[in-house]
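*Asks:* In the numbering used here, the protein residues as written are 3 to 411.
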């Protein structure tokens, strides 16, 4: 074993240290462990929530949208070609309008989408009540998101009035175009789109909007991660008038906000690790003061200042590594057993920590990313090395003569 490593081991774990110095070292390692564990748990929860939100959004939005595709016949031809080129893909022409929905007592804004067929992925939604296939069997029927239906106070079998932002000329003058639709199903994706989600058949919305052609084609893929690749291929194949967007494009601001939130939380929690890392300065400074005579003896025996500095750097690194290892193990244990911990708290105190009616989720999903773990561990170790540099330099500058004179004075 190199002498520097042996000295660092004795400085870190020897029982010969003063009790106060030993406690400071223990607190430094403990602070590091708490900071690392907190950062692992919080980032894992944020990753899990982002993944849960993405999965639920993908149940409600198309993976790829192509607008300005021409007539209904041309859009149908494009849909069939896409489904043959990409096995497992579902595509259909669509019309989309911003509308006002009114019940007997309430009204709410909604985004009404009409699909030419049910192959565009409606089966991925959760049908709370009713029959979703009735959209394509009954004319003038609609499926509403769960939150939207709750706002309107309607259920399956009741009627809502759809008001479009288009005017019809009547003997009494221009009036908004409207029509009563029967609610055939209540659907849910378990996320914010539930408050504006309204679906009907293509024929129904075409009659209401008097649209001469579809807005475009919506595509759902077996694997949404291929959306960008498919979009790039379509952009190269279609005319310049067609616009191709992916689900990531349409929700770009949302995912940018999630990423920014994760960065800010990481920075704030990294302050815990920084404080713990720089508490190593106190521990090492006390060790240098306590071991001045030992350092002098080692210098007299031929240990160079550089090797003294390396010894104390390794001392600080050992404290940091101990805290990082314990913190990583603790953080991973909490993440893996988080659901059990929450269930225990709910059972013990009779609380409901996450009401699904309020938060759309019944618990905290977690997802551990290897990149996050590597960044946390390397960042903690790097901060500890930086913090240990100053005390290590001080130790290397201890004069053997002065230290031995202080010892005998």
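Note that beta-carbon positions come from the ideal geometry of N, C-alpha and C, so glycine has one too.
1) Measure the C-alpha to C-alpha separation of residue 218 and residue 371 and round it to an integer number of angstroms.
2) Less than 6 Å between C-beta atoms, sequence neighbours within five positions excluded: which residues of the same chain meet that for residue 48?
3) Candidates 272, 307, 302, 322: which alpha carbon is nearest residue 285's?
4) Buried or exposed for residue 138, going by 16 or more other Cβ atoms inside 10 Å?
5) From what residue to what residue does the alpha helix (DSSP H) around residue 292 run?
6) DSSP puts residue 180 in a beta bridge; with which residues?
7) If you reduce the DSSP assignment to three classes, tell me which class residue 225 lands in.
8) Could you tell me how far apart the beta carbons of residue 93 and residue 235 are, in whole angstroms, since I believe they sit closer than 8 Å?
9) Measure the alpha-carbon distance for residue 389 versus residue 129 and round it to whole angstroms.
10) Measuring CB to CB, does residue 72 end up less than 8 Å from residue 215?
11) If the criterion is Cβ atoms closer than 8 Å, does the pair residue 246 and residue 233 meet it?
12) From residue 287 to residue 277, what distance separates their C-alpha atoms?
13) Leaving out five residues on either side along the sequence, give the residues of the same chain with a beta carbon under 7 Å from the beta carbon of residue 297.
14) Counting along the chain, where does the alpha helix (DSSP H) carrying residue 320 start and finish?
15) If you draw a straight line from the alpha carbon of residue 306 to that of residue 329, how long is it in whole angstroms?
16) Give me, in chain order, the residues of the same chain whose beta-carbon lies closer than 6 Å to that of residue 168; leave out the 5 immediate sequence neighbours on both sides.
17) What are the start and end residues of the beta strand (DSSP E) that includes residue 75?
18) Taking just the CA atoms, how far does residue 261 sit from residue 243?
19) Quick test of your reading: residue 185 and residue 161, contact by CB under 8 Å. State the CB separation rounded to the nearest angstrom.
20) Round the Cβ separation of residue 91 and residue 150 to the nearest angstrom and send it over; I've been treating them as touching at under 8 Å.
21) If you run the structure through DSSP and keep just helix, strand and coil, what is residue 242?
22) Taking buried to mean at least 16 other C-beta atoms within 10 Å of its own C-beta, is residue 354 buried or exposed?
23) I'd like to confirm the pairing. Which residues does DSSP put opposite residue 231 in its beta bridges?
24) I'd like to confirm the pairing. Which residues does DSSP put opposite residue 102 in its beta bridges?
25) Could you compute how far the alpha carbon of residue 344 sits from the alpha carbon of residue 251?
26) Can you tell me whether residue 97 is helix, strand or coil according to DSSP?
27) In three-state DSSP terms, what is residue 131?
28) Compute the Euclidean distance between the alpha carbons of residue 212 and residue 182, then round it to the nearest angstrom.
29) Should residue 114 and residue 99 be called a contact, given that it needs their Cβ atoms to be closer than 8 Å?
30) Considering only heavy atoms of the ligand MG, does any lie closer than 7 Å to the CB of residue 166?
31) Between residue 36 and chain B, is any beta-carbon pair separated by less than 8 Å?
*Replies:* Let me spell this out:
1) Taking the CA atoms as reference points, residue 218 sits about 37 Å from residue 371.
2) 264
3) 322
4) buried
5) 254 to 292
6) 165
7) Residue 225 carries a coil assignment under DSSP once its states are collapsed to helix, strand and coil.
8) Incorrect: roughly 14 Å between the Cβ atoms, too far for contact.
9) 57 Å
10) yes
11) Against a cut-off of 8 Å, the Cβ pair of residue 233 and residue 246 comes out as a contact.
12) 16 Å
13) 310, 397, 400, 405
14) 307 to 338
15) 35 Å
16) The answer, listed in chain order, is 179.
17) Segment 74 to 87 is the alpha helix (DSSP H) holding residue 75; no beta strand (DSSP E) there.
18) Residue 261 has its alpha-carbon roughly 32 Å from the corresponding atom of residue 243.
19) 7 Å
20) Not quite, the Cβ-Cβ distance comes to about 28 Å (not below 8 Å), so this is no contact.
21) coil
22) By the neighbour-count rule (16 or more Cβ atoms within 10 Å), residue 354 is not buried but exposed.
23) Within the DSSP secondary-structure output, residue 231 pairs in no beta bridge.
24) According to DSSP, which records beta bridges pairwise, residue 102 is partnered with 111, 165.
25) 35 Å
26) Note: residue 97 maps to strand in three-state DSSP.
27) strand
28) Cα to Cα, residue 212 sits roughly 16 Å from residue 182.
29) In contact: residue 114 and residue 99 (Cβ atoms closer than 8 Å).
30) Annotation note on the ligand MG: not contained in the displayed structure, which lists no ligands.
31) Among the chains of the structure shown, chain B does not appear; only one protein chain is present.
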